[in-house]
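Residue numbers (this note's numbering), protein chains in the order written: chain A, 8 to 296; chain B, 4 to 413.
Have a look at the structure below, then the notes.
Below you can see the structure in the form of structure tokens.
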């Protein structure tokens, strides 16, 4: 097989992996700060995809343009969910939180089914079939734009946590909740902000994914599972780890498809997960507890 | 206190009860004679990744009702069931409909889901008329209540090769290399097996250079398309579902792979949703599938009824074979004179419908419950419409081959 085929697949896998990484960032942020395992992660992303779809159908907005709008919507929904519901269950056993979020996920899927029906829907864009030709590389324009958007959102998020007072306060809550309470931080408000920010990542990922995947209510479970794999491989709570794991999984799936059999490529992402759990349970970039 | 003797003795009670029972039965018999509705459980994947196809099948069942009524058959009451695109749910949906009173089942489009539904039908002794499902083992189990009016995978594959031979002969162009991309579900695996067994006997002009399998629910098929493109094949032979068919075509455009044509052996490419979503890029795909015969009067009545009930929706394989499954049910009910499952099954086994809608020599089942007379048509997409191009004797318009490149279509 010509070398160009391998180069193209590595590039394509890396771009797809960036989107995997972005989709998992939300899960990582929410777990890293609130210690909540968001079982409704994929469902929230599907809702973001539907929001971007409606923005396209009603106002003709390109999903990339509607990212700020959808992120604002998801932020409000995430903040309200944490402040109104999950904050009441912070101190209860984990399994009660799991059941609550699983119930929310089921309600979201059923709601989407009732409103949008079971059919897959998508957006038709002029550039949907365009590619960039760079030397031997033939890069899908949508994936390139999606990759740039993924890096931008991740960069903005990292900057927020590093250089803003609120971002630092949120990180403090994640690092030591007792210390945060002692210093007078409004922990519940900061938790709600963190959940809102995680939802912003999910919203951005949903808008970007809509360029690549047709949305339908049952898509959610698959993306929740994928996000879990990415976050565990990268390291729970690590933003860099999530992006790195996403790229690793994207490239390994692409190469596995080329070298072995495409239908077996998912096996490699789960294989990576098992290896990480066995030999580096804290994840590639995560810190040992 | 003296005992009062009741005027009702044991004998008069039994006589009275018997008379009541008889008068109670009489309306039932009378209602059947007047055309009591046959309760048909119509089970398809109405949700999940096969939802669009399942809904198209359901439309075919609904479009059959007015046509069957006009033909003088008894009323049919449709009880809808949803497999959620999942074989395990198909089993539960079948059980639920039978418990709710379904006297006959029709379904279930997908081979995996149909296999579990067939087990339920056999266990419960309720006839199942399979509209679409090609995996051979379904009618090889010796089932007494399972009937299939659809070709098995080897029949589809042999038909696919025959249509291609006609295509190459008529166009004067013979490719030298072909690559097969197929889904890895029950249907796709059965088709892959049939390709391996039948291809060597068909004396095709091309060599099959690779078989590439993939998950029908895959999120991304870029690797599959890249691998297929790298083979340098002039023909892509695809065994797909709907969503993956759309993904494959999009990837081909993006990766600028322009073979002489896509030949599909199965669903996906002729569906309305495929053509609507892909626009010009969905044109010229040739699907080699069981189809309706546009010249047959019943096919025309079916199309008319479907267009009246579902304006704008495409009539395709899903429509015609679900329509015919309902026809088989109505015809058997009429001849059986009863909704008794044994009587219905016996009547279905004796089916001999000559005036049907599909491209076949009528509907009749062999000892295994299989109708092997269904032929394969070549259908080509033209601006949102799938037209018969092969066999030439049934062609609705001329074929296009080799097809124009992606850029030339813009």
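Even glycine gets a Cβ: it sits at the ideal position worked out from N, Cα and C.
If you're wondering where the values come from, they're calculated on a predicted model, not measured in any experiment.
Report the rounded CA-to-CA distance for residue i versus residue j, giving the unit in angstroms.
{"i": "residue 40 of chain B", "j": "residue 125 of chain B", "result": "23 Å"}
{"i": "residue 375 of chain B", "j": "residue 132 of chain B", "result": "14 Å"}
{"i": "residue 395 of chain B", "j": "residue 55 of chain A", "result": "49 Å"}
{"i": "residue 229 of chain A", "j": "residue 300 of chain B", "result": "46 Å"}
{"i": "residue 377 of chain B", "j": "residue 407 of chain B", "result": "31 Å"}
{"i": "residue 185 of chain A", "j": "residue 163 of chain A", "result": "28 Å"}
{"i": "residue 121 of chain A", "j": "residue 8 of chain A", "result": "48 Å"}
{"i": "residue 291 of chain B", "j": "residue 44 of chain A", "result": "48 Å"}
{"i": "residue 81 of chain A", "j": "residue 103 of chain B", "result": "43 Å"}
{"i": "residue 57 of chain A", "j": "residue 222 of chain A", "result": "7 Å"}
{"i": "residue 209 of chain A", "j": "residue 68 of chain A", "result": "19 Å"}
{"i": "residue 25 of chain B", "j": "residue 370 of chain B", "result": "With a pLDDT of 43 at residue 25 of chain B, under the threshold of 50, the modelled position of that residue is not reliable, and no figure is offered here."}
{"i": "residue 57 of chain B", "j": "residue 279 of chain B", "result": "17 Å"}
{"i": "residue 207 of chain B", "j": "residue 233 of chain B", "result": "21 Å"}
{"i": "residue 30 of chain A", "j": "residue 216 of chain B", "result": "27 Å"}
{"i": "residue 98 of chain A", "j": "residue 33 of chain A", "result": "22 Å"}
{"i": "residue 273 of chain A", "j": "residue 398 of chain B", "result": "43 Å"}
{"i": "residue 117 of chain A", "j": "residue 165 of chain B", "result": "46 Å"}
With C-beta atoms as the reference, is residue i less than 8 Å away from residue j?
{"i": "residue 70 of chain A", "j": "residue 59 of chain A", "result": "yes"}
{"i": "residue 52 of chain B", "j": "residue 263 of chain B", "result": "no"}
{"i": "residue 28 of chain A", "j": "residue 205 of chain A", "result": "no"}
{"i": "residue 25 of chain A", "j": "residue 250 of chain A", "result": "yes"}
{"i": "residue 157 of chain B", "j": "residue 351 of chain B", "result": "no"}
{"i": "residue 3 of chain A", "j": "residue 160 of chain A", "result": "Residue numbering for chain A in the displayed model covers 8 to 296; residue 3 of chain A lies beyond these limits and cannot be assessed."}
{"i": "residue 240 of chain B", "j": "residue 270 of chain B", "result": "no"}
{"i": "residue 50 of chain B", "j": "residue 61 of chain B", "result": "no"}
{"i": "residue 14 of chain A", "j": "residue 144 of chain A", "result": "yes"}
{"i": "residue 286 of chain B", "j": "residue 409 of chain B", "result": "no"}
{"i": "residue 224 of chain A", "j": "residue 286 of chain A", "result": "no"}
Is it buried or exposed, residue i, if we count other Cβ atoms within 10 angstroms and call 16 or more buried?
{"i": "residue 185 of chain B", "result": "buried"}
{"i": "residue 195 of chain B", "result": "buried"}
{"i": "residue 266 of chain A", "result": "exposed"}
{"i": "residue 400 of chain B", "result": "exposed"}
{"i": "residue 266 of chain B", "result": "buried"}
{"i": "residue 100 of chain B", "result": "buried"}
{"i": "residue 175 of chain A", "result": "exposed"}
{"i": "residue 38 of chain A", "result": "buried"}
{"i": "residue 65 of chain B", "result": "buried"}
{"i": "residue 204 of chain B", "result": "exposed"}
{"i": "residue 231 of chain B", "result": "buried"}
{"i": "residue 182 of chain A", "result": "exposed"}
{"i": "residue 172 of chain B", "result": "exposed"}
{"i": "residue 294 of chain B", "result": "buried"}
Excluding the 5 residues preceding and the 5 following residue i in the sequence, name in chain order all residues of the same chain whose CB lies nearer than 7 Å to its CB.
{"i": "residue 275 of chain B", "result": "316 and 317"}
{"i": "residue 148 of chain A", "result": "134, 137, 138 and 139"}
{"i": "residue 55 of chain B", "result": "245, 274 and 276"}
{"i": "residue 366 of chain B", "result": "152, 327, 331, 354, 356, 359 and 374"}
Is there a C-beta anywhere in chain A that falls below 8 Å from the one on residue i?
{"i": "residue 313 of chain B", "result": "no"}
{"i": "residue 55 of chain B", "result": "yes"}
{"i": "residue 190 of chain B", "result": "no"}
{"i": "residue 256 of chain B", "result": "yes"}
{"i": "residue 280 of chain B", "result": "yes"}
{"i": "residue 404 of chain B", "result": "no"}
{"i": "residue 179 of chain B", "result": "no"}
{"i": "residue 195 of chain B", "result": "no"}
{"i": "residue 114 of chain B", "result": "no"}
Are the C-beta of residue i and some C-beta of chain B separated by less than 8 Å?
{"i": "residue 69 of chain A", "result": "no"}
{"i": "residue 117 of chain A", "result": "no"}
{"i": "residue 139 of chain A", "result": "no"}
{"i": "residue 270 of chain A", "result": "yes"}
{"i": "residue 213 of chain A", "result": "no"}
{"i": "residue 136 of chain A", "result": "yes"}
{"i": "residue 264 of chain A", "result": "yes"}
{"i": "residue 17 of chain A", "result": "no"}
Less than 8 Å between C-beta atoms, sequence neighbours within five positions excluded: which residues of the same chain meet that for residue i?
{"i": "residue 17 of chain A", "result": "258, 261 and 262"}
{"i": "residue 114 of chain B", "result": "136, 137, 138, 141, 188, 189, 190 and 193"}
{"i": "residue 72 of chain B", "result": "78"}
With a CB to CB cut of under 6 Å and the five nearest residues on each side skipped, what residues in its chain are close to residue i?
{"i": "residue 2 of chain B", "result": "Absent from the structure is residue 2 of chain B, since the part of chain B shown begins at 4 and ends at 413."}
{"i": "residue 179 of chain A", "result": "187"}
{"i": "residue 12 of chain A", "result": "none"}
{"i": "residue 74 of chain A", "result": "211 and 214"}
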